[in-house]
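Asks: Handing you this structure, nothing more for now.
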Amino acid sequence: MAQFEGKVALITGAVRRTGRATALALARDGATVVINTRKSRDEAEQVRTEIESMGCAAMVCIADITDERAVAAMFEAVAARFGRLDILVNNAADRSIVPFTRMTMAEWRHIVGIILDGAFLCSRAAIPFMLRNHWGRIINIGGIGQHMPSARFAGRAHSAAAKAGLEGLTRALAIEYAQQGITANCVVAARVGGERSATAGKAPNPDLMPPVGREGRPEDIARAVHFLCMPGSDFITGQILHVNGGLFLP
71 MAQFEGKVAL ITGAVRRTGR ATALALARDG ATVVINTRKS RDEAEQVRTE IESMGCAAMV
131 CIADITDERA VAAMFEAVAA RFGRLDILVN NAADRSIVPF TRMTMAEWRH IVGIILDGAF
191 LCSRAAIPFM LRNHWGRIIN IGGIGQHMPS ARFAGRAHSA AAKAGLEGLT RALAIEYAQQ
251 GITANCVVAA RVGGERSATA GKAPNPDLMP PVGREGRPED IARAVHFLCM PGSDFITGQI
311 LHVNGGLFLP
């Protein structure tokens with residue numbers, strides 16, 4: 071029997087790189103997948119087609135996860151179609167490089183809004199579904215920037231702060247729902263290759279290569295998410311899992 075048969079997973083930012091790889095990994099093991107994106111409908115439909123070709127159900131939800139009403143509407147649509155939600159992967163992010171003293175409040179709020187506010191809104195909407203079934207998995211996708219003080223990460227104060235907050239949110243949710251069948255963990259990725267967001271800044275420094283001798287692949291992160299979502303991973307919660315090829319050793 072597939073690990074996630076009968077389970078419904080929602081992945082934010084699910085059309086490229088880690089989000090897409092995670093959607094496909096969960097679908098391969100039987101999950102029904104809700105593909106969220108803010109505006110990339112064509113790419114989302116491509117992911118949906120790939121998932122349906124595996125014999126699994128999929129749904130595209132175009133929603134701005136920084137908008138409280140849009141998030142509520144997205145989860146209402148999920149409830150209407152599937153009646154449940156079991157897995158939430160807070161993957162959506164945006165990236166820009168801005169020197170701190172030139173960073174505007176709008177730039178700060180944009181990045182923090184997507185990474186941290188989006189995770190808050192989606193988690194708050196998802197948890198009531200999970201409580202009804204006394205089972206749930208929340209996976210937040212973190213970033214290595216706040217763990218590795220380096221000139222290579224200059225200009226990313228907004229994303230580093232947001233990702234650090236995401237780790238705090240992970241631990242808080244893990245404690246609050248530990249006895250109600252819900253786990254919350256954070257997968258911290260670094261140096262993942264592949265297509266970048268259309269609004270991302272310049273590509274990472276090629277000198278920032280992990281000791282294993284290659285940059286990460288989206289599938290590396292997806293496998294970690296898949297593991298943490300498995301029914302047998304119910305004793306793992308509140309953890310920050312670094313998947314980086316040895317680039318950072320906590």
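So in my numbering, the last spot in the sequence shown is 320, and the numbers never skip.
Backbone N, C-alpha and C define an ideal beta-carbon position, used for all residues, glycine too.
Can you list, in chain order, the residues of its chain whose CB lies under 8 Å from that of glutamate 138, leaving out five sequence neighbours each side?
Replies: Counting only Cβ-Cβ distances below 8 Å, and skipping sequence neighbours, we find Leu191.
Asks: If we count Cβ pairs, one from each stretch, closer than 8 Å, do we get three or more for the region 145-161 versus the region 75-95?
Replies: These segments touch.
Asks: Which value, in whole angstroms, describes the spacing of the CA atoms of valine 258 and threonine 88?
Replies: So the alpha carbons of these two residues sit roughly 12 Å apart.
Asks: Rounded to whole angstroms, how far is the Cβ of isoleucine 181 from the Cβ of serine 229, which I believe are closer than 8 Å?
Replies: Correct: roughly 5 Å between the Cβ atoms.
Asks: Would you kindly report the start and end of the unbroken beta strand (DSSP E) that includes alanine 254?
Replies: Per DSSP, alanine 254 belongs to the beta strand (DSSP E) from 252-259.
Asks: With 16 as the cutoff for other CB atoms within 10 Å, does threonine 269 come out buried or exposed?
Replies: Any reading at threonine 269 needs caution, since the residue's pLDDT is 44, under 50, leaving its predicted position unreliable; the model's value is listed next. Flag for threonine 269 reads exposed.
Asks: Should leucine 94 go down as buried or exposed, given a rule of 16 or more other Cβ atoms within 10 Å for buried?
Replies: Classification of leucine 94: buried, given that the 10 Å Cβ count is 16 or more.
Asks: Tell me where the alpha helix (DSSP H) around glycine 192 begins and ends.
Replies: Correcting the residue type first, residue 192 is cysteine in the shown sequence and not glycine. Element bounds for cysteine 192: 188-203.
Asks: Please report the distance separating the alpha-carbon of glutamate 177 from that of arginine 284.
Replies: If you take the alpha carbons of glutamate 177 and arginine 284, they lie about 32 Å apart.
Asks: Classify alanine 101 as helix, strand or coil using the three-state DSSP reduction.
Replies: Here alanine 101 sits in coil by DSSP.
Asks: I believe valine 148 touches valine 104 by the beta-carbon criterion, under 8 Å. Please report the beta-carbon distance rounded to the nearest angstrom.
Replies: About 6 Å separates the two Cβ atoms, so the contact holds.
Asks: Helix, strand or coil: which one does DSSP assign to isoleucine 121?
Replies: Isoleucine 121 falls in the helix class under three-state DSSP.
Asks: Rounded to whole angstroms, what's the CA-CA distance from proline 280 to methionine 124? Just pull it up for me.
Replies: One C-alpha to the other measures close to 33 Å.
Asks: Between glycine 308 and the rest of its own chain, which residues show a CB-CB distance below 6 Å, the 5 nearest in sequence each way excluded?
Replies: So the list reads Arg241 and Ala244, once near-sequence residues are dropped.
Asks: State the start and end residues of the unbroken alpha helix (DSSP H) segment that holds alanine 244.
Replies: From DSSP, the alpha helix (DSSP H) with alanine 244 extends over 227-246.
Asks: Confirm, please, whether the CB-CB distance from leucine 186 to glycine 235 is below 8 Å.
Replies: Cβ atoms of glycine 235 and leucine 186: closer than 8 Å.
Asks: Spatial neighbours of glutamate 115 within its chain, please: CB distance less than 8 Å, with the 5 preceding and 5 following residues excluded, ordered by chain position.
Replies: These residues qualify, in order along the chain: Val130.
Asks: Just confirm the distance between the C-beta atoms of isoleucine 121 and glycine 188, as a whole number of angstroms; I'd bet it's less than 8 Å.
Replies: The pair is not a contact, with the Cβ atoms about 22 Å apart (cut-off 8 Å).
Asks: Considering only their Cβ atoms, is the gap separating threonine 92 from alanine 128 smaller than 8 Å?
Replies: Result no, Cβ atoms of alanine 128 and threonine 92 do not sit closer than 8 Å.
Asks: When DSSP labels each residue in this structure, what does leucine 319 get in the three-state scheme?
Replies: Correct three-state label for leucine 319: coil.
Asks: Please return the same chain residues whose Cβ sits closer than 6 Å to the Cβ of glycine 271, not counting the five positions on each side in sequence.
Replies: Residue confidence for glycine 271 is low, a pLDDT of 48 falling below 50, so the modelled location carries little weight and cannot support an answer.
Asks: Taking the C-alpha atoms as reference points, what is the distance between glycine 153 and glycine 286?
Replies: Going from the Cα of glycine 153 to the Cα of glycine 286 covers about 36 Å.
Asks: Hey, alanine 150 and isoleucine 184: beta-carbon distance below 8 Å or not?
Replies: Not closer than 8 Å, so no.
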